[in-house]
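To start, the structure under review is shown below, and the notes come after it.
Residue numbers (my numbering): 9 to 387.
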């Protein structure tokens, strides 16, 4: 079955998934105001329609970190992706590679680096947190290098986990969580067979490899809570910059001064992101934060952006606001949960088609043509 829009994939994912998994990927922090504004602020940005521009030749291709991308899109790191489809990180990575765009493996993926990297025919990216256990960080970096990872995405907006109240209500955490998750799985037989039974092992593959024993879902919240480090500062990243000789991207930038700090640090790129509204509720949406950041550092490093992107029009909007490449998070996980790797492939095809329509009707023949002039000026 071909589903026509990313919003349909969200509805299909909600039907298929046990509630604790759906609400984990769908929810945000506190009252979820920023989560909502990520979508609404981006959707409210008006594109400037142009006609009779001879758009017979159109290219979505772009270059980023010495890689050629078929379109300026990358799959963002999302924890526990392997719980949304059988060996979900592998399926998503294959779909991204087939489309000619990067896939970013999360620190807290189900499938480890050593399972995902050999499954695809292009280098992948890897995401890492600053954690108290520096031994794990060093081990992960060494394994990423050995697996041929090209780009390191360093997430810095999670020195402490956000207050995600949906998780306590849904059974992801809180009293009797394990029993609640089991009961939910029993009432969602399609997921229970595909992932619950055939998708094992259900552990955090990268962490289990380091620790030498399984680190399952029951340990997930506790391990992360014990290892996030609120004392982190730019100096804590210096040894990583010295160790990692490939492109290094700082993810979680919302302020122009932090973007300037990233330039001074020597980062190759930043991701303008509020963690999908999952950390501090009430901060700016990525769409509202992006223009000031682009004004401050455009051309000095690569600017990526995420949070609130649901379709190809949103990608074009983010590019017009100043991004060089756009990362998809929830959108691809909804598609993965609904229809596996085929769903991710279909979603990426939809995004490409939507981008092409938007580019034809805004007069942008190439990605470099998409700029502030592609937007309607505020009245």
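Backbone N, C-alpha and C define an ideal beta-carbon position, used for all residues, glycine too.
Three-state secondary structure (DSSP) of residue i
| i | result |
| --- | --- |
| residue 28 | helix |
| residue 306 | strand |
| residue 375 | helix |
| residue 254 | coil |
| residue 123 | helix |
| residue 135 | strand |
| residue 245 | helix |
| residue 259 | strand |
| residue 118 | coil |
| residue 112 | strand |
| residue 149 | helix |
| residue 298 | helix |
| residue 291 | coil |
| residue 161 | strand |
| residue 388 | Summary: the structure shown does not reach residue 388, with the chain confined to residues 9 through 387, and so no result is reported for it. |
| residue 156 | coil |
Residue i to residue j span [Cα, whole Å]
| i | j | result |
| --- | --- | --- |
| residue 199 | residue 217 | 26 Å |
| residue 342 | residue 31 | 11 Å |
| residue 94 | residue 60 | 47 Å |
| residue 17 | residue 346 | 6 Å |
| residue 21 | residue 340 | 11 Å |
| residue 467 | residue 156 | In this structure the chain extends from 9 to 387, so residue 467 is not present and cannot be described. |
| residue 186 | residue 214 | 22 Å |
| residue 11 | residue 104 | At residue 11 the pLDDT is 43, less than 50, meaning the model places this residue with poor confidence; the figure from the coordinates comes in the next sentence. Roughly 18 Å separates the two Cα atoms. |
| residue 383 | residue 331 | 14 Å |
| residue 49 | residue 177 | 28 Å |
| residue 26 | residue 364 | 36 Å |
| residue 72 | residue 102 | 20 Å |
| residue 296 | residue 230 | 34 Å |
| residue 261 | residue 29 | 27 Å |
| residue 144 | residue 137 | 10 Å |
| residue 284 | residue 322 | 14 Å |
| residue 208 | residue 90 | 9 Å |
| residue 212 | residue 47 | 30 Å |
| residue 329 | residue 140 | 36 Å |
| residue 239 | residue 115 | 20 Å |
| residue 36 | residue 352 | 22 Å |
| residue 362 | residue 167 | 36 Å |
| residue 33 | residue 196 | 17 Å |
| residue 113 | residue 174 | 24 Å |
| residue 206 | residue 24 | 16 Å |
| residue 7 | residue 184 | Only positions 9 to 387 of the chain appear in the structure, and residue 7 is not among them; the question remains open. |
| residue 92 | residue 190 | 15 Å |
| residue 390 | residue 247 | Not covered by the structure: residue 390. The range shown for the chain is 9 to 387. |
| residue 180 | residue 300 | 37 Å |
| residue 75 | residue 252 | 18 Å |
| residue 70 | residue 286 | 30 Å |
| residue 77 | residue 43 | 28 Å |
| residue 289 | residue 312 | 21 Å |
| residue 386 | residue 193 | 49 Å |
| residue 99 | residue 79 | 20 Å |
| residue 282 | residue 366 | 26 Å |
Nearest residue (CA-CA) to residue i, options the options
| i | options | result |
| --- | --- | --- |
| residue 132 | 40, 31, 111 | 111 |
| residue 302 | 326, 320, 316, 283 | 326 |
| residue 45 | 305, 18, 317 | 317 |
| residue 269 | 243, 180, 320 | 243 |
| residue 170 | 314, 291, 328, 380 | 291 |
| residue 356 | 336, 369, 207 | 336 |
| residue 249 | 239, 271, 230 | 271 |
| residue 134 | 97, 143, 140 | 97 |
| residue 219 | 146, 138, 361 | 146 |
| residue 127 | 194, 311, 349 | 349 |
| residue 58 | 88, 368, 15, 386 | 368 |
| residue 210 | 324, 362, 240, 88 | 88 |
| residue 14 | 344, 366, 241 | 344 |
| residue 41 | 294, 319, 305, 308 | 294 |
| residue 333 | 246, 304, 379, 172 | 379 |
| residue 39 | 172, 381, 241 | 172 |
| residue 241 | 273, 192, 77 | 273 |
| residue 319 | 253, 298, 360 | 360 |
Contact test: residue i Cβ vs the ligand GTP heavy atom, cutoff 7 Å
| i | result |
| --- | --- |
| residue 104 | Ligands displayed in this structure: none; no statement on the ligand GTP is therefore possible. |
Which ranges does the alpha helix (DSSP H) cover as unbroken runs of at least 4 residues, wholly within the segment 169–239, from first to last along the chain? 173–178, 185–194, 213–219, 225–235
Are three or more beta carbon pairs between the segment 363–377 and the segment 65–80 nearer than 8 Å? yes
Please list the segments of the alpha helix (DSSP H) lying wholly inside the segment 34–108, counting only runs of 4 or more residues, in order along the chain. 41–51, 96–107
Counting beta carbon pairs with one atom in the segment 251–271 and one in the segment 222–241, are three or more of them shorter than 8 Å? no
Do the segment 108–123 and the segment 68–83 meet, that is, are 3 or more Cβ pairs less than 8 Å apart? Touching, per the Cβ criterion.
So does the segment 120–127 actually touch the segment 146–164, counting three or more Cβ pairs closer than 8 Å? As far as the Cβ criterion goes, the segment 120–127 touches the segment 146–164, which means the pair count is three or higher.
Are the segment 230–248 and the segment 44–60 in contact at 8 Å, needing three or more beta carbon pairs? no
Run through the segment 307–377 for me and flag every whole alpha helix (DSSP H) of 4 or more residues, listed as ranges in chain order. 320–329, 338–370
Touch test, the segment 273–280 against the segment 200–207, Cβ-Cβ under 8 Å, three pairs minimum: no
Quick check: the segment 159–166 against the segment 249–260, are at least 3 beta-carbon pairs closer than 8 Å? Because the criterion of three Cβ pairs below 8 Å is met, the segment 249–260 and the segment 159–166 touch.
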